[in-house]
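K.L.:
Below: one structure in structure tokens.
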Amino acid sequence: MSRTTVVQCLGGKLKELPVSQVAYFEASDKLVDAHGIDGKVLVITDTIACLEAEFADLFVRTHRSVLVARRLLESVDYSAINSNGTVKLLGVDHPIKASRREVPKIRDILKELWPDDDRTAFL
């Protein structure tokens, strides 16, 4: 069974963020930032690989350093010209990194999430 919260321990103080409120995880160095839907950010010691394994049904990898909440996926944009891709998440006002190799998987998830929506017509 998966955890229901992620925890930051900083200076002896614990801060928790419910997994259901995490919009995305982003790795930097040896730590991971858990970005909440409300803009709150916790720095946790889990690895992206461990989080991906534990929460595979809730989060999808969009880049080697990023996992996003499946339910918040809104769109994907990929430019073959400069090999840069991004995903848009519901409730997040900035684009999130997406790598070329992850784009097909993201498109498939979008088609599942939005089967009757025009946004998937071009995918």
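The working numbering puts the first residue of the sequence shown at 1449, with every later residue one more than the last. Glycine included, every Cβ here is placed at the ideal spot set by N, Cα and C.
K1463 to T1493, Cα distance in whole Å?
P.N.:
Computed Cα separation, rounded: 13 angstroms.
K.L.:
For the segment 1465 to 1472 against the segment 1529 to 1544, do three or more pairs of beta-carbon atoms, one drawn from each stretch, fall closer than 8 angstroms, so that the two count as touching?
P.N.:
Enough Cβ pairs lie closer than 8 angstroms, so yes.
K.L.:
What do you reckon, are the CB atoms on H1511 and S1547 nearer than 8 angstroms?
P.N.:
Taking 8 angstroms as the Cβ cut-off, H1511 and S1547 qualify as a contacting pair.
K.L.:
According to DSSP, is R1576 helix, strand or coil?
P.N.:
Nothing can be reported for residue 1576: it is not among the residues displayed for the chain, which extend from 1449 to 1571.
K.L.:
Where does L1515 land, buried or exposed, given buried means 16+ other C-beta within 10 angstroms?
P.N.:
That one is buried.
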